[in-house]
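Each residue of the sequence shown is one higher than the one before, counting from 4 in my numbering. Remarks on the structure that follows.
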Amino acid sequence: TKERKRFISASSDQGSPVSGDAEEDDPYKPEATLHLDIDHFSDFSRGTSETHQRLSRPVYVRGLPWRILAMPREQTRVNMDRRTNARAFGFFLQCNGEAEAISWSCTASAVLIVLAQKSGIENHVRRINHTFYQKENDWGYSQFLPCETLLNPENGFIKDDTIKLEVTVMADAPHGVQWDSKKHAGFIGLKNQGATCYMNSILQTFFFTNMLRKAVYQMPTENDDPETSVALAMQRVFYELQKSDKPVGTKKLTKSFGWDSVESFHQHDVQELCRVLLDNLENKMAGTKVKNTIPSLFEGKMKSYVRCKNVSFESNREESFYDLQLNIKGKANVMESFDDYTATETLDGDNKYDAGEFGLQPAEKGVKFISFPPVLHLQLMRFQYDAQQDANVKINDRFEFPALLNLNKFVEDGDSKEPIDFVLHAVLVHSGDFHGGHYVVFINTNMSGPAKWCKFDDDVVSRASVRDAIDSNYGGDDPELPGKSFTNAYMLVYIQKNRLNEVLCPVTEDDIPRHLRLRFEEEKSADAKKKKEKMEAHLFTEVIVILEEYMFDYNGFDLFDPKILDDVQHLKVEKKMTIDQLYCLFAKEFHVEEDAFRLWQVQENTVRDERSNAPSLNRLRPSALLKRDNERANAINTVDALLDSDRNIIFMEVAPDSGGSKISLPAYNEAHDMMFFLKYYDGDQRQTFFSGHIMINCKSTIRAHVPQILERVRLPLGTELKFYEEIAPERMRPLCIDDVLSQDHALVEMIDGAILVFERADKSSPENNAHMYYTHKYNTMLVEAVQNPDGFGTPLTERFAPVQGEISQTWTMGQVMQWIANGIGCPADRILLWKVSQYNEKPTTNHINEHEMRVCSVKDLLGLTGPHRHDPRRQKRYRIYYTKMPIPVSDLERRYKMRLQCMDEKMQISEITVFPPRNGTVQSILSEAQREFRFSQNGTKILRLVYTGQVSHALRVYQVFNSELPAMEVYSKIGNSTYAARVEEVPEDELTVRAGEYLLPVAHFDKDPSRMFGVPFYIKVTNGETLESVSERIRKKLDVSEKEFEKYKFAIILNNRVSKYLDKENVVNLNELAQAHFTGLVSAPWLGLDHMNKSRGTRGSHTTEKAIVIHN
């Protein structure tokens, strides 16, 4: 069995590698052969794996050292009912074994050989395939052969007590190491954003389609928005691929698509992206000088025909195609797939073709190509629906494709035309299964001479052999290389041989418009400048300067509005600057004498509650004086030692202007003085006013400083004051005016930057005081009440403007419901509130229940607890999500919540949520739906409920529910993602279905009935009528033009298979479609409309899968 094992030490074999001196060899070659001779093998085989390891000398492949690793191993085997110990030979390949790096990886396949040394004996060969990385840097076989087999001379593997080992290793370019793609391959790769390998593969293919690249450069983008222009973003990617030496990023491209970062981690289908991106570029090229480029490169023509065998009559129509989807299941190669694509179907017996005046005739039906495009995209249908597994699966069967492809036999009159030869240009490869995997692309970068294949694996580009590019990607099982069976070609790009010079015309710098070159070089310079600043950022720190004048304009919590931090003066300060030099810098910047100011570091901290020990909200306080060098006792005097953040806030305390006399700072002694900031609460104006700062001796009382404080706010001496300590926005505490500040519990904490709030005692009352003001100010919040767009998973049918205003986080749910109801004009009991996630502030899937309505507050509703507490300083506008209900909220627990489809007169599908009583019927469901259903102007105003599928293999209608059926049965049938209930207005002609009439299920499919799409429906038919009259009613119902409807084929589908195809002129006995003849809904026949699904992906579509959308 295969086994991987790490080894701590090993002795090196002194032999030299086959290829000669490693220093003279190319260390970046893709493959090499290693040798190791093990002498004294009899002694070796008796040793242990720890003491007798042998390592070959390293041979470098793809820039990494590779060695053979051999060792003896214990082998336990059963012999005659007793266990005996034998010796086995362990044979491994080691990659980068001595590297300390952990992020590297390299995928390789290798052939491990014990060489025969006796004539007539074959070498013993085994193969491996593995991705080597730091934790699995060796791989092979722990029991390659029993040692006794190797020691027996008769077996021919040992000579002179020596065995010879050989390994041929073939490696891909490594990831996570310094790999110079430009140097080793001549081209560069594209960075993977997370799951964008599929996009990188198709972008490289487009880039090497030179005619397309030239046309993209010529698209006018001078006035385009750089954020949203797909054309400009494509030009940028192509320009950097052509000019850069390093891997190119694609974030600006996906941003121009309108994708968010999440979309970049969602792997899509490369074939679908190819279509969508070409469509987008073709639309952008419309009206420009390159408007016909994409059709001229990728558009081909085919003809569908029906040809009578016995008379001269043929019916045909032409169609365009941009790519071809080839069925590979059961096909050996491309030619067999083309044979299948163009295979004729015989119309005979009951299925004869109606040839008009010639009557019913035996005929053959098929497809012939009129012309192929210069660039032929072949999409290999490796993803298909498997009915047995009821799932989409990947087909990994072997499927061969040639380097040169002749398609004359598939073109009308192809034998008489010039050779229609195509040369293989690119092979897009997928590794993995239906649910995900990895994409790479192999491109022949030298189509005009000897093939030069390169492998483009995201940011790594390497040279590749023809075997790597073609033969290794046929697919199929390999029992010795299980990982390889999931790696195979998924899309092929061929170029017509006689159009090579045109399609692959040279693209020089002159083909790139000057405005693009200038624009992209300026972007490059700007990016380089940002990078340099980022590299030098560690040498500097940013200082944000706060002055007291900012505090006078602010009446909120703390001392200043945090929003001003981006607007006030910022200084870029060298980290190695001394504090004296910092004071000198401030004096120069603010034109102040050096002894007329002090610098205080504003620190962010919290304080814990004495009772609960819970931390407060963060506070910003100037609490640490930056002492000048002569004031400092220790030797730490540099900026980086004292300001340890990259963004520091400094309060600059400036001496007050004393009217012409020398300016001096208030005295401050760190040993016994504290700096207090003052706020005055004016009860008449119900507002606080900042009143400056003072220095207070900690051994004194607040009363001792009352005269100084009264002078600050111009109140008469003797005015009695009440004081509070503003601890944090949510905490305020009364202070005793006569307590000595240094006493225990006089202040919550003895620290500079404390805030004293005071008010007139004679103006203070239980209804109006500073404490109440702060509590109200803290609890008040800005709120916007909006409808929950995804409350019940269906779109809103009634829209209201957001209700905005101020509420309190202490409000009850009833108060909130009434406030919203007043805003939108409805009863309060119809407002359903949704809980909000603490983490993304979006509505959860849970709404407030009856119990929570009685006990919860706004704080609970919004999850404002712990680190997510309300902080009024942020001035944040919170969102409350609600749904206006059609029923009282208190009734919800006694009703079902049902998600229904609605089909209008134009067969457009929307979704609604209804709430029928749990003891109700289908009629109850319809009554609820009637409130929101959009009836047609002249319709019957009568609704029915239809049971329908909603996934690609079941996208048809099954039955019309009886109006008396219990709602519980409907609820149980639609409780999964496969089936749904659909409300629709009954057409006038279907109100009554008489004997001999049927409601015939009709659905759309694309070649395979398991690949259904579109909207299924019913059509009423009469037994014995012609399909021609039925088809005309269907055409009108679908509102399809006659020309487009000609492309539709009709088929009777039974058990998800085509029972037979029909012609419109045929008289069909529709009685066979009656569901009464069949036991189950699923097995009942239906009428299939076979035509192209123009919006499909090729991985097997599902109506709920997210398609690729380029929004710009």
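A virtual CB, placed ideally from N, CA and C, is assigned to each residue, including glycine.
Here's the rule: buried if 16 or more other CB atoms are within 10 angstroms of the residue's CB, otherwise exposed. What is residue i?
i: threonine 490; result: buried
i: glutamate 1; result: Nothing about residue 1 can be read from this structure; the chain reaches only from 4 to 1115.
i: aspartate 471; result: buried
i: leucine 39; result: buried
i: isoleucine 928; result: buried
i: threonine 224; result: buried
i: asparagine 99; result: buried
i: phenylalanine 95; result: buried
i: arginine 86; result: Caution is warranted here: a pLDDT of 46 is assigned to arginine 86, below 50, making its placement in the model unreliable, and the coordinate value is therefore given only provisionally. Arginine 86 should be labelled exposed.
i: asparagine 447; result: buried
i: glutamate 77; result: exposed
i: glutamate 275; result: buried
i: glutamine 382; result: buried
From which residue to which residue does the beta strand (DSSP E) around residue i run?
i: lysine 725; result: 724-731
i: phenylalanine 1016; result: 1011-1025
i: alanine 3; result: Past the edges of the chain, shown from 4 to 1115, lies residue 3, and the structure says nothing about it.
i: arginine 320; result: 317-324
i: serine 465; result: 463-467
i: aspartate 1093; result: 1089-1093
i: methionine 698; result: 690-700
i: asparagine 651; result: 650-657
i: alanine 627; result: 622-628
i: glycine 435; result: 424-436
i: methionine 305; result: 303-311
i: aspartate 676; result: 676-685
i: histidine 380; result: 378-383
Would the beta-carbon of residue i fall within 8 Å of that of residue j?
i: glutamate 914; j: threonine 797; result: yes
i: alanine 655; j: valine 819; result: Alanine is not the amino acid found at residue 655; the sequence shown has methionine there. Not closer than 8 Å, so no.
i: tyrosine 781; j: glutamate 733; result: yes
i: leucine 431; j: tyrosine 493; result: yes
i: glutamine 904; j: alanine 983; result: yes
i: valine 973; j: leucine 1002; result: no
i: lysine 1052; j: aspartate 1093; result: yes
i: proline 250; j: isoleucine 166; result: no
i: tyrosine 885; j: tryptophan 837; result: yes
i: glutamate 787; j: arginine 921; result: no
i: lysine 575; j: glutamate 545; result: yes
i: methionine 906; j: valine 1018; result: yes
i: lysine 306; j: isoleucine 373; result: yes
Residues in the same chain with beta-carbon distance under 8 Å from residue i, minus the five sequence neighbours each way, listed in chain order, please.
i: threonine 704; result: Ile740, Asp741, Asp742, Val743, Leu744
i: valine 233; result: Leu256, Ser259, Phe260, Asn283, Leu284, Lys287, Ile1113, Asn1115
i: aspartate 793; result: Pro846
If you drop the 5 nearest sequence neighbours on each side, which residues of the same chain put their C-beta closer than 7 Å to that of residue i?
i: glutamate 26; result: With a pLDDT of only 39 at glutamate 26, under the threshold of 50, the placement of this residue in the model should not be trusted; the figure read from the coordinates follows. Taken in chain order, the list of residues that qualify is empty.
i: arginine 239; result: Lys255, Phe523
i: glutamate 1049; result: Arg320
i: proline 969; result: Thr924
i: leucine 958; result: Gly952, Ala1006, Met1015, Phe1016, Pro1019, Thr1106
Below 8 Å on the Cβ atoms is my guess for residue i versus residue j; work out the distance and round it to an integer in Å.
i: valine 1005; j: isoleucine 945; result: With a Cβ gap of about 21 Å, valine 1005 and isoleucine 945 do not count as contacting.
i: serine 1062; j: methionine 1015; result: With 8 Å as the limit, serine 1062 and methionine 1015 do not qualify as a contact, their Cβ atoms being about 16 Å apart.
i: leucine 799; j: valine 839; result: With 8 Å as the limit, leucine 799 and valine 839 do not qualify as a contact, their Cβ atoms being about 18 Å apart.
i: cysteine 1; j: methionine 753; result: In this structure the chain extends from 4 to 1115, so residue 1 is not present and cannot be described.
i: isoleucine 697; j: glutamine 711; result: 6 Å
Which first and last residues belong to the alpha helix (DSSP H) in which residue i is found?
i: threonine 152; result: 150-154
i: phenylalanine 413; result: Per DSSP, phenylalanine 413 belongs to no alpha helix (DSSP H) and is neither H nor E.
i: valine 576; result: Unbroken run through valine 576 is the beta strand (DSSP E), 573-577; no alpha helix (DSSP H).
i: glutamine 818; result: 816-827
i: histidine 854; result: 853-858
Among residues of its own chain, excluding the 5 on either side of residue i, which ones have a beta-carbon nearer than 6 Å to its beta-carbon?
i: valine 309; result: Ser318, Tyr356, Ala366, Lys368
i: asparagine 1096; result: Asp1009, Phe1016
i: glycine 826; result: Val806
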